Amino acid sequence: MAAFHALLPLLLHCCAPAASAHPAGHPSPSCQVVQTDAFCGDLNLRAAPPNLPRHIHMLDLSHNQVQNLSQETLAYRTGFRHLNLQANQIHFIQPGLFRDMADLKVLDLSRNHLSAFALSKTNLGPLTSVESLDLSSNGLFTGMSDYFLSESPSLESVSLSSNSITRVAENTFSGSSALTRISLHNNVILEIEDGAFDSLAHLTELDLSKNSIACIADFNLCNLKVLNLSKNSLELFQSARSAELYKLLSLDLSENKMSHFPLLPQTNILEHLDVSRNRIQSVNVTDGPETRSKAILTHLKFLDLSFNQLRSLPESFFYCMLSLKVLKVSNNCISSFSVSAESVLSTVEFMDLSYNSLQSLTFGRNTLRSLEELLLQGNHLATVDHQIFQGLPNLKHLQLQQNNLEICAWGPSHQEPTDCVSFTSISSLKFLNLSENSLQTLPANAFAATPLSSLDLSQNLGLDMDERSLAGLENSLVHLQLRENNISRLKADLSSLRSLKHIDLSTNQLTSLPAWNQESSIESLNLQNNNLVTLDYSTMLTLERSLKTLYMGSNPLSCCQNLPFLHMVQHSAVVVPDIETVTCVHEEHSAPVNIEKVTREMCHQAGVHNYVIVLVITLIKPQERSWRKPRRRTLRTSQRRTEAPDKVPEKTNNASSRRVCVLETCEHTGTNTAAVVFGWAPVQTV
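Numbers -21 to -1, 1 to 665, taken from mature numbering (1 follows the signal peptide of the UniProt record, and there is no 0), label the letters of the sequence shown in order.
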């Protein structure tokens, strides 16, 4: 050790010049100076520029090539308040470098190679004024952090995340008694010695996430406010038996291996509790052979129990949760859920019961009166009380996809509904998802007196919608999803939905568009994956007034029968996001043609021949007459002139030949009579 200290000045003398030099042949890049801040990041520097202004308080040297940190590296400046040296290659720091930096508050040394410096067993300090220190991603092993923290009396926040620490010793933070925040995220911590944090009377935030901690017994950090133990191997979390008030506000125990609900401090002000992604099978709290008194969670606002193995969730579990706002219980095995008492979950605004095995769902009278968002998707719900949702006066968002529900018919002529659920007269409901429910019919007035702004009825194969199924939504519905329903003809009247702006009709069997009128305000229309050959131009012209986005790929569109529409798409402000893949069929092209390449000229040739054939069909009128030699006349069109031959040639087998008509005038006893003579002439295939 003595030999090392003797060599240190020599090492510094050799290393410092190399550190300050810039690669030969490359001028030193300029830093950006803004008032008292110098930004020199990502300039391939090995040191700060020597001409750095003396009044600089913040120096950013991040993402450079600094290897040795010395006075010369920092241009002999000592008045820094903030030093950012992250993402360099620092493996040597001049001893006592920060001793004279009395104003230095923030020091970022993350993403360097400080494990090499720690091997010298030399203290970094004293860091007399530093309040925030980042040592993350430095390859530090157990015990190495001691050399950086031992003389840091003002240090309030330290990050040791993404290192290789396996144990937190009793004296690890003994030289940093003012610490309020510690991050040990993403290490390999297996053990925390007793008393490791006891000397930190001001500690309020502790992040131990993503380690290998298996057990927390007798948790006693009463002043701690935020504790993150997620992504460990915890099988048990148990607080110490104490009547003392714990100030813990947030506890994250997610992604562990706990099979029981944690044993929380009995007297607490806990607001946020996350125990998701564990192996919890029961919310009963046990302490060995005897049951401990439940923690009174009167301040709890957020509870996440999702992704566990719960089979039941008794109403009594929530008796003391008088402030709960958010309840997440998705992805468990719960088959029944009920709330009967008015006081239970009376403050809950968001409740997620999705992806369970719910077959029974019961809400008592005047319960859940604050509930605004209810997620029930991915269950086996088939029968519930038909007016279960009418009793939720503030319900705005309801997710019911992936169930087996049937919608009740509405009206005085219908009998008392059974085995169905009603969606009428839910005065607060705005968003409703009923996709993937195997719905067969959607009765008239299904949503009467319910001011929905978003409705999803997708993936209900064969859905038969009554013409008045959406009646009552004329002034509220903005989003309508009807994709993947195998609908060939849409019966529901969409033209009356004056507020409708976004509609998805993709992946159906539609052969024609629904009718819209001048009151329509459609902005986004998805017609992908249907059987549309022609798009009614008058309908599209009506929509063009408001239409902004149109999806129409994977339809057997005809090029020439949609010319006006294609012209509209090519020259209007309507955006077609999938236009590069939208094609149409043209008789002269074996492969589909991209709609951007379709021109009027491509279809005009086909239009001429069709016109001639129509004339043939119209003008043929067989008459028996004695004919004189005909005078040749010519049928003219805007594109082509076809002359009648003196003789009708024999029929040819040429595949490119087609029958054309020639109009001739014949005289009989002084009277002009129109007749048609059929001839054969080679024309281009249309």
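Note that the Cβ used here is the ideal one computed from N, Cα and C, for glycine as well. Since the model is a prediction, treat every value here as computed from it, not as a measurement.
**OP:** Within its chain, find whatever has a CB closer than 7 Å to the CB of A450; leave out the 5 residues flanking it on each side and keep chain order.
**Re:** A423, N424 and A427
Original post:
Whose CA, out of H458, D483 and D443, lies closest to the CA of L469?
Top reply: Nearest C-alpha to L469 among H458, D483 and D443: D443.
Original post:
Could you check where the beta strand (DSSP E) with residue 679 kicks off and where it finishes?
Top reply: Since the first residue of the chain shown is -21 and the last is 665, residue 679 is not available in this structure.
Original post:
Which residue comes first and which comes last in the beta strand (DSSP E) that contains S315?
Top reply: First-last of the beta strand (DSSP E) with S315: S315 to V318.
Original post:
Is Y225 helix, strand or coil by DSSP?
Top reply: Three-state DSSP puts Y225 in a strand.
Subject >> Under 8 Å between C-beta atoms of Q260 and Q288 >> reply: yes
Subject >> Buried versus exposed call for V254 [16 or more other C-beta atoms within 10 Å across all chains shown] >> reply: Buried, since its Cβ has 16 or more Cβ neighbours within 10 Å.
Original post:
Are the Cβ atoms of L332 and L354 separated by less than 8 Å?
Top reply: With respect to the 8 Å criterion, L332 and L354 are classified as neighbours on the basis of their beta carbons.
Original post:
What are the start and end residues of each continuous beta strand (DSSP E) run of 3 or more residues lying completely inside the segment 3 to 80, in chain order?
Top reply: 11 to 13, 16 to 18, 37 to 39 and 61 to 63
Subject >> Among T121, V564, L413 and E575, nearest to S94 - alpha-carbon criterion >> reply: Considering only T121, V564, L413 and E575, the residue with the shortest C-alpha distance to S94 is T121.
**OP:** Note down, in chain order, each residue of its chain lying with its Cβ closer than 8 Å to the Cβ of M237, except the 5 sequence neighbours on either side.
**Re:** L213, E214, L215, F216, V254, N257, R258 and I259
Original post:
When we look at the beta-carbon of P624 and count the other beta-carbons within 10 Å, is it buried (16 or more) or exposed?
Top reply: With a pLDDT of only 45 at P624, under 50, the local geometry of the prediction cannot be trusted, and no value is derived from it.
**OP:** Identify, in the order they occur along the chain, each residue of the same chain with its Cβ nearer than 6 Å to the Cβ of L106, setting aside the five sequence neighbours on each side.
**Re:** F77 and S131
Original post:
Alpha carbon to alpha carbon, how far is I161 from C10?
Top reply: 33 Å
Original post:
To which residues of the same chain is P430 closer than 6 Å at the C-beta, ignoring the five residues directly before and after it?
Top reply: S455
Subject >> Residue interval of the beta strand (DSSP E) (run including E453) >> reply: Run containing E453: none; DSSP gives neither H nor E here.
Original post:
Out of E523, V512 and S291, which has the shortest C-alpha to C-alpha gap to N496?
Top reply: E523
Original post:
Contact check, L88 vs F59 under 8 Å by CB: the rounded distance?
Top reply: Rounded, the Cβ-Cβ distance is 13 Å, inconsistent with contact.
Original post:
With 16 other CB atoms within 10 Å as the buried threshold, where does R90 fall?
Top reply: buried
Subject >> Selection from R33, A274 and Q460 that minimises the alpha carbon distance to Y240 >> reply: Position check: residue 240 holds Phe in this sequence, whereas Tyr was assumed. Of the listed residues, the one whose Cα sits closest to F240 is A274.
Original post:
Which residue or residues does DSSP assign as beta-bridge partners of L353?
Top reply: For L353, which the question treats as bridged, DSSP gives the partners M330 and L377.
**OP:** Report the residue from G118, S475 and L324 whose alpha carbon sits nearest the alpha carbon of L292.
**Re:** L324
Original post:
Taking the DSSP output, what are the residues bridged to H92?
Top reply: Answer is none; H92 lacks a bridge partner.
Original post:
In three-state terms, what does DSSP make of H181?
Top reply: Assignment of H181 by DSSP, reduced to helix, strand and coil, places it in the coil class.
Subject >> Spatially closest choice to N464 from P74, D472, P571 and N487, by CA coordinates >> reply: Residue N487 holds the alpha-carbon nearest to the alpha-carbon of N464 among P74, D472, P571 and N487.
Subject >> The beta strand (DSSP E) enclosing F410, as first and last residue numbers >> reply: F410 to N412
**OP:** Tell me, to the nearest whole angstrom, how far the beta carbon of N416 is from that of L379; I am working on the premise that it is less than 8 Å.
**Re:** About 7 Å; that satisfies the 8 Å criterion.
Original post:
Hey, out of I482, N67 and L158, whose CA is closest to E110's CA?
Top reply: E110 has its Cα closest to that of L158, out of I482, N67 and L158.
Original post:
Is R619 buried or exposed, if buried means 16 or more other CB atoms sit within 10 Å of its CB?
Top reply: Note that R619 has pLDDT 40, beneath the 50 cutoff, so the model's placement of it is unreliable and the number below is only indicative. The residue in question, R619, is exposed, as its Cβ has fewer than 16 Cβ neighbours within 10 Å.
Original post:
In three-state DSSP terms, what is R146?
Top reply: strand
Original post:
Given G532, which residues of its chain have a CB within under 7 Å of its CB, disregarding the five upstream and five downstream residues?
Top reply: Q507, D557, T560 and V561
Original post:
Within this structure, are the beta carbons of T362 and D398 separated by less than 8 Å?
Top reply: yes
**OP:** Following the continuous alpha helix (DSSP H) through S517, name the residue where it begins and the one where it ends.
**Re:** Y516 to E523 is the extent of the alpha helix (DSSP H) around S517.
**OP:** Would you please state the rounded distance, in angstroms, between the beta carbons of I168 and N150? I believe it to be under 8 Å.
**Re:** Contact doesn't hold; Cβ gap of about 16 Å is too wide.
Original post:
Got a sec, what are the start and stop residues for the beta strand (DSSP E) Q217 sits in?
Top reply: L215 to S218
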